[in-house]
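Colleague: Shown below is the structure under consideration.
Protein chains: 2
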Amino acid sequence: MIPQGLMLTVPEALAAVRDRASPLPPRRGWLTKSLGQVLAEDVIADIDLPPFDKAVVDGFAVRSVDVNGPAPVRLRVVEEIYAGQVPTRRVGPGEASAIMTGAPLPDGADAVVMVEKTQCPEPGIVLLSGPIEPGQNRLVRGRELRAGDIVMPRGVVLDAAKLGVMASVGFGTVMVRPRPIVAVVATGDELVPFHKSPGPGQIRNSNTVLLAALAEEHGAMVRPMPIAPDRPEALRDAFRKALEGDELSPGRADILLISGGVSAGKRDLVPEALEALGIGCIFHKVKVKPGKPLWFGVGPDRDGGPPALVFGLPGNPVSGLVSFLLFVRPALAILAGIEEESNLSVPLASPYHHLDDRDTYRPARLVASPDGTGLRVEPLTWAGSSDLRGVGTSDGFAIFPSGERIYQKDEQIGFLSLRPSRSPLRHSYSTWPPGEGPQRTAH
Amino acid sequence: MIPQGLMLTVPEALAAVRDRASPLPPRRGWLTKSLGQVLAEDVIADIDLPPFDKAVVDGFAVRSVDVNGPAPVRLRVVEEIYAGQVPTRRVGPGEASAIMTGAPLPDGADAVVMVEKTQCPEPGIVLLSGPIEPGQNRLVRGRELRAGDIVMPRGVVLDAAKLGVMASVGFGTVMVRPRPIVAVVATGDELVPFHKSPGPGQIRNSNTVLLAALAEEHGAMVRPMPIAPDRPEALRDAFRKALEGDELSPGRADILLISGGVSAGKRDLVPEALEALGIGCIFHKVKVKPGKPLWFGVGPDRDGGPPALVFGLPGNPVSGLVSFLLFVRPALAILAGIEEESNLSVPLASPYHHLDDRDTYRPARLVASPDGTGLRVEPLTWAGSSDLRGVGTSDGFAIFPSGERIYQKDEQIGFLSLRPSRSPLRHSYSTWPPGEGPQRTAH
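Heads up: the protein sequence lines correspond to chains A and B, in order. Heads up: the first sequence at position 392 corresponds to 392 in the numbering used here, and the numbers run straight through without jumps. Heads up: the second sequence at position 429 corresponds to 429 in the numbering used here, and the numbers run straight through without jumps.
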């Protein structure tokens, strides 16, 4: 444990979290349920693909030598071969077989002439003309991959195209890193369920909704729990249930997110309740604004798996959000086996005067730069760290290191994105009006 | 319908699809189940937030005039106020109330002194020193928002932060655009289920996995159906079931994706089967490579909702994938009420010679530019349009318009991303080693 009273910087606290997080043991799961998960085995082809020489157009399977004579060439049709069938006749000199896309090429034939380039003057006869190359419109067996090839290496994040590739080599199930299970408990006597009307002095519990949705956005299985009141035994009981799960929400939690009860107040009983459950404190408090009261611990020890990572997040929604993005998100990535990506820096849209003794995360919006070549970051005015509403209209947080400094327009500053996607790029929903866009040729 | 035999360009075909797609009628759903959906009503605050003047630190609620005298100031503590409680005592001259973060300020008090700046020499007495501003460490009622304010405007895509905001004003349910229901049917006598071993002339059906996963990645509810054989009545029956749903997969399909059976072959029976079900052809074939045989239609007419959009996709996996990204993705966005985003163009990593009479989509990878300031697109070598494996390692498709041209290094070209995210930015999983990154100050 880090000495009590020592306030860590963000990089120090992040390093302490990362040191305690490791990838979850892989499990076998249905291929069709593995979207977004990390592959934990090399997937190897069991057959050649395609498994036979195959026609890639509808037409006539021919011996190319026959077709390269004087046009038109007249051939006798000896068979019709549909996809899913096996040819029964060899194509000899002066012969052809009608063939459909995807069907196996018959012995003797080495190319396919497209149906659009042929004529059938009478049944059983086809007229066509060359030239045709050997191999034209034929996909040779094993051209895409060969039995024994590694089709997909361990460690990749499975997207739709990768699932399609693995399906084509027959993987009904695959070894993947499981989705982390994240339990969420909001604490506080002042809280009422969010869909109820608060009485005097009460507020709605929006934190369970926020934290559960954040965890879900980041690929976790989420276990939202009832509000826990500020009493030691009630807190212990709530945390134990959250960690263990039950028949409705089975599986031990890999991460426990607790909201509230970690400040210096007389009813901030969360750290004690956690320690009573065998969850050891790694650090308490981080030199960051907002999010200073963050508590992080690990435990209890248990058989057959690593102990849970436990985050006591500030009850203030924006502080909780920043803490999640800074510390829980990287932990989730490590558990899921996802390679962490590098930080983002973005030019500032206008000068900014910063003065604070803590690194400060300020809600900000990304705006297109005037020349349209990129994005710039614009800090928002906001009502303070409980102003989740301001954050609701932002894209993330501009990062200003501790100290006093005037940041210049166009200076690169750190940006902590709200978006969970690992996508390196804008989405490309296409909006070309007809005749515009990359299609520049006349039609 | 577009005149038969006329082959549309990509922008023309896309315009024809967009003309037939409209946002799904909104429905009321649980707030906690609305992640990623589009809000279809303005959400209005029912109460002020915060609902009372509130302490933002643990400490002592005071009259600021009392504290700004000669230090130390000695005040009598008249009450302890916890979050969730209602103060019962007014703070008069020479008095203070102990107060916890989140608790309501008592009448009379106009500021809170942090507990760290106070001393308690004896029970019931607190020593503290100024100066303190009126309003310090107090969050005034309604500072975040006022009853009647629009908290969240219709049309936004609901992310975790937005759900948190709406929970804080008590929205248990919200009107949202439903997720589109997408049914998927692969056709072809040559297909076997992907987890089985293909016999002679057979191949595994990877298309249902691919298309269902693509639809899921793009936010749809997916209904994968069994393989349909190449017989008119079997196809009609399969398409009817896919459109109607059943007790295991209720709800009529908004989009039907069919794979295979749309080329010029003798067993390409899909268009006829669709027309027999009252699904009118809008266009068949697009001047694009790969993906030319695409069939698009609409129908049948039905009560209480728009007719389904039906895409007959080429059976070749890569052609099907390109067709999905070009045409199905924008349709899904429109149905879900999501604003379509503009196209992407990216500089080319190396010169490229293109020659084709169709606009060509070539699998490509995004690579960091040498100066590290951005991304460039690098077309991949691949084994032809059935090479899904090559696509499995790509990030999307480089777009080369029809014609012949040498594209120069660093020339901007169109890029069709595989990634479904609407994220404008790299994901920011944080990987600062301690002491590096945006934190530049010494620790």
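Don't be surprised by glycine CBs; every beta carbon is placed ideally from N, CA and C. Values in this document were obtained by computation on a predicted structure and should not be read as measured data.
Taking the C-alpha atoms as reference points, what is the distance between A:R20 and A:L309?
Modeller: Translated into the one-based positions of the first sequence, residue 20 of chain A becomes position 20. Translated into the one-based positions of the first sequence, residue 309 of chain A becomes position 309. Computed Cα separation, rounded: 8 angstroms.
Colleague: Under a three-way DSSP split, which group does A:I258 fall into?
Modeller: Locating residue 258 of chain A in the first sequence gives position 258, where the first residue counts as 1. A:I258 falls in the strand class under three-state DSSP.
Colleague: Would you tell me roughly how many angstroms separate the C-alpha atoms of B:R74 and B:G135, rounded to the nearest one?
Modeller: Counting from one through the second sequence, the residue named residue 74 of chain B turns up at place 74. Counting from one through the second sequence, the residue named residue 135 of chain B turns up at place 135. Near 20 angstroms, if we compare the C-alpha coordinates of B:G135 and B:R74.
Colleague: How about the region 234-245 of chain B and the region 334-352 of chain B: do they share at least three Cβ pairs that are nearer than 8 angstroms?
Modeller: no
Colleague: When DSSP builds the beta bridges, which residues end up paired with A:R74?
Modeller: Mapped onto the first sequence, residue 74 of chain A falls at position 74. According to DSSP, which records beta bridges pairwise, A:R74 is partnered with A:L127.
Colleague: Is it buried or exposed for A:R376, if we count other Cβ within 10 angstroms and need 16 for buried?
Modeller: Numbered from its first residue, the first sequence carries residue 376 of chain A at position 376. Label assigned to A:R376: buried.
Colleague: Could I get the ranges of all uninterrupted alpha helix (DSSP H) runs contained in the region 193-267 of chain A, with 4 residues as the minimum, in chain order?
Modeller: Given a length threshold of 4 residues, each whole run of the alpha helix (DSSP H) inside the region 193-267 of chain A is given here in chain order: 207-217, 232-244.
Colleague: Mind checking if A:I150 is an interface residue toward chain B, Cβ cutoff 8 angstroms exclusive?
Modeller: The residue you call residue 150 of chain A lines up with position 150 of the first sequence. Not an interface residue.
Colleague: Mind pulling the chain A residues with CB within less than 7 angstroms of B:I282?
Modeller: Along the second sequence, read from residue 1 onward, the residue named residue 282 of chain B stands at position 282. Within 7 angstroms Cβ-Cβ: nothing; B:I282 doesn't reach chain A, min ~14 angstroms.
Colleague: Report the option in A:G36, A:G29, A:I399, A:V10 whose CA atom is closest to the CA atom of B:E216.
Modeller: Here residue 216 of chain B is taken as the residue at index 216 of the second sequence, counted from 1. Nearest C-alpha to B:E216: A:G36.
Colleague: Just grab the DSSP bridge partners of B:R365 for me.
Modeller: As a first step, residue 365 of chain B must be located in the second sequence, where it is residue number 365. Looking at the DSSP assignment, B:R365 forms a beta bridge with B:E378.
Colleague: Pull up the distance between the alpha-carbon of B:Q119 and that of B:P72, whole angstroms please.
Modeller: As a first step, residue 119 of chain B must be located in the second sequence, where it is residue number 119. As a first step, residue 72 of chain B must be located in the second sequence, where it is residue number 72. If I take the Cα positions, the gap works out to 10 angstroms.
Colleague: Can you give the Cα-Cα distance for A:G374 and A:L14, rounded to whole angstroms?
Modeller: Position 374 of the first sequence, counting from 1, holds the residue named residue 374 of chain A. Position 14 of the first sequence, counting from 1, holds the residue named residue 14 of chain A. One C-alpha to the other measures close to 29 angstroms.
Colleague: So, helix, strand or coil for B:I338, using DSSP?
Modeller: Position 338 of the second sequence, counted from the first residue, corresponds to residue 338 of chain B. Coil at B:I338, not helix or strand.
Colleague: Looking at chain B, which residues of the region 152-171 of chain A have a Cβ within less than 7 angstroms of any of its Cβ atoms?
Modeller: M152, D159, A160, A161, K162, L163, G164, V165, A167, S168, G170
Colleague: Please classify B:M152: does DSSP put it in a helix, a strand, or coil?
Modeller: Here residue 152 of chain B refers to the residue found at position 152 when the second sequence is read from its first residue. Per DSSP, reduced to three states, the secondary structure at B:M152 is strand.
Colleague: Tell whether a beta-carbon distance below 8 angstroms holds between B:L8 and B:K287.
Modeller: In the second sequence, residue 8 of chain B corresponds to position 8, counting from 1. In the second sequence, residue 287 of chain B corresponds to position 287, counting from 1. Result yes, Cβ atoms of B:L8 and B:K287 sit closer than 8 angstroms.
Colleague: Just to confirm my understanding: we take A:R18, look at its own chain, exclude 5 residues before and 5 after, and list those with CB closer than 7 angstroms. What are they?
Modeller: On the first sequence, position 18 is the one that residue 18 of chain A refers to. Correct list, in chain order: P330, I334.
Colleague: Hey, B:F60 and B:A98 are a contact pair by Cβ (cut 8 angstroms); roughly how many whole angstroms apart?
Modeller: Numbered from 1 along the second sequence, position 60 holds the residue referred to as residue 60 of chain B. Numbered from 1 along the second sequence, position 98 holds the residue referred to as residue 98 of chain B. About 6 angstroms; that satisfies the 8 angstroms criterion.
Colleague: Got a sec: is the Cβ-Cβ distance from B:L6 to anything in chain A below 8 angstroms?
Modeller: As a working note, residue 6 of chain B is residue 6 in the second sequence. Taking Cβ atoms only, chain A never reaches closer than 8 angstroms to B:L6, which makes this a no.
Colleague: By the three-class DSSP mapping on this structure, what secondary structure does B:L139 have?
Modeller: Position 139 of the second sequence, counted from the first residue, corresponds to residue 139 of chain B. The answer is strand: DSSP assigns B:L139 an E or B state.
Colleague: Taking B:T32 as the query, report the chain A residues whose CB atoms sit under 8 angstroms from its CB, ordered along the chain.
Modeller: What you label residue 32 of chain B is simply residue 32 of the second sequence in a count that begins at 1. Correct list: V209, A212, A213, P224.
Colleague: When the Cα atoms are used, what is the spatial distance from A:P11 to B:V91?
Modeller: For the purposes of this step, residue 11 of chain A is taken as residue 11 along the first sequence, with counting starting at 1. For the purposes of this step, residue 91 of chain B is taken as residue 91 along the second sequence, with counting starting at 1. Taking the straight line from one Cα to the other gives about 43 angstroms.
Colleague: Nearest to A:D230 by CA position, among A:L127, A:D268, A:L243, is which residue?
Modeller: One-based indexing of the first sequence puts residue 230 of chain A at position 230. Nearest option by C-alpha distance: A:D268.
Colleague: When the Cα atoms are used, what is the spatial distance from B:R177 to B:W30?
Modeller: By one-based count along the second sequence, residue 177 of chain B stands at place 177. By one-based count along the second sequence, residue 30 of chain B stands at place 30. Whole-angstrom Cα-Cα distance: 12 angstroms.
Colleague: So, using beta-carbon positions, are A:F415 and A:V346 closer together than 8 angstroms?
Modeller: For the purposes of this step, residue 415 of chain A is identified with residue 415 of the first sequence, where counting begins at 1. For the purposes of this step, residue 346 of chain A is identified with residue 346 of the first sequence, where counting begins at 1. Against a cut-off of 8 angstroms, the Cβ pair of A:V346 and A:F415 comes out as a contact.
Colleague: Helix, strand or coil: how does DSSP classify A:A96 here?
Modeller: What you label residue 96 of chain A is simply residue 96 of the first sequence in a count that begins at 1. In this structure, A:A96 counts as strand in the three-state DSSP scheme.
Colleague: Between A:A253 and A:V182, which are expected to be in contact by the criterion C-beta below 8 angstroms, what is the C-beta distance as a whole number of angstroms?
Modeller: Translated into the one-based positions of the first sequence, residue 253 of chain A becomes position 253. Translated into the one-based positions of the first sequence, residue 182 of chain A becomes position 182. The pair is a contact, with the Cβ atoms about 7 angstroms apart (cut-off 8 angstroms).
Colleague: Note down the Cα distance separating B:R28 from A:E247, rounded to an integer number of angstroms.
Modeller: For the purposes of this step, residue 28 of chain B is identified with residue 28 of the second sequence, where counting begins at 1. For the purposes of this step, residue 247 of chain A is identified with residue 247 of the first sequence, where counting begins at 1. Answer to the nearest angstrom: the Cα atoms are 29 angstroms apart.
Colleague: Assuming B:V38 and B:A336 are in contact, meaning their beta carbons sit under 8 angstroms apart, how far apart are those beta carbons, in whole angstroms?
Modeller: Residue numbering aside, residue 38 of chain B sits at position 38 when the second sequence is read from its first letter. Residue numbering aside, residue 336 of chain B sits at position 336 when the second sequence is read from its first letter. The Cβ separation is near 6 angstroms, so the contact holds.
Colleague: Taking C-alpha atoms, which residue in B:K196, B:G102, B:M152, B:E244 lies nearest to B:M175?
Modeller: Residue 175 of chain B sits at position 175 when you count from the first residue of the second sequence. Closest option to B:M175, Cα to Cα, is B:M152.
Colleague: Using CA atoms only, rank isn't needed, just tell me which of B:P293, B:D356, B:V56 is closest to B:F324.
Modeller: Against the second sequence, residue 324 of chain B aligns to sequence position 324. The shortest Cα separation from B:F324 among B:P293, B:D356, B:V56 belongs to B:P293.
Colleague: Using the C-alpha atoms, what's the distance from B:G392 back to A:K162?
Modeller: The residue you call residue 162 of chain A lines up with position 162 of the first sequence. The residue you call residue 392 of chain B lines up with position 392 of the second sequence. Approximately 5 angstroms, taken between the alpha carbons.
Colleague: Could you check if A:P448 is buried or exposed, using at least 16 other CB atoms within 10 Å of its CB as the buried criterion?
Modeller: Because chain A here runs from 1 to 443, residue 448 of chain A falls outside it and cannot be looked at.
Colleague: Could you say which of A:A213, A:R141, A:R76, A:V262 lies nearest to A:L418 if we only look at CA atoms?
Modeller: For the purposes of this step, residue 418 of chain A is taken as residue 418 along the first sequence, with counting starting at 1. Restricting attention to A:A213, A:R141, A:R76, A:V262, the CA atom closest to the CA of A:L418 is found in A:A213.
Colleague: At which residues does the beta strand (DSSP E) containing A:L313 begin and terminate?
Modeller: In the first sequence, residue 313 of chain A corresponds to position 313, counting from 1. Where A:L313 is concerned, the enclosing beta strand (DSSP E) stretches over 309-313.
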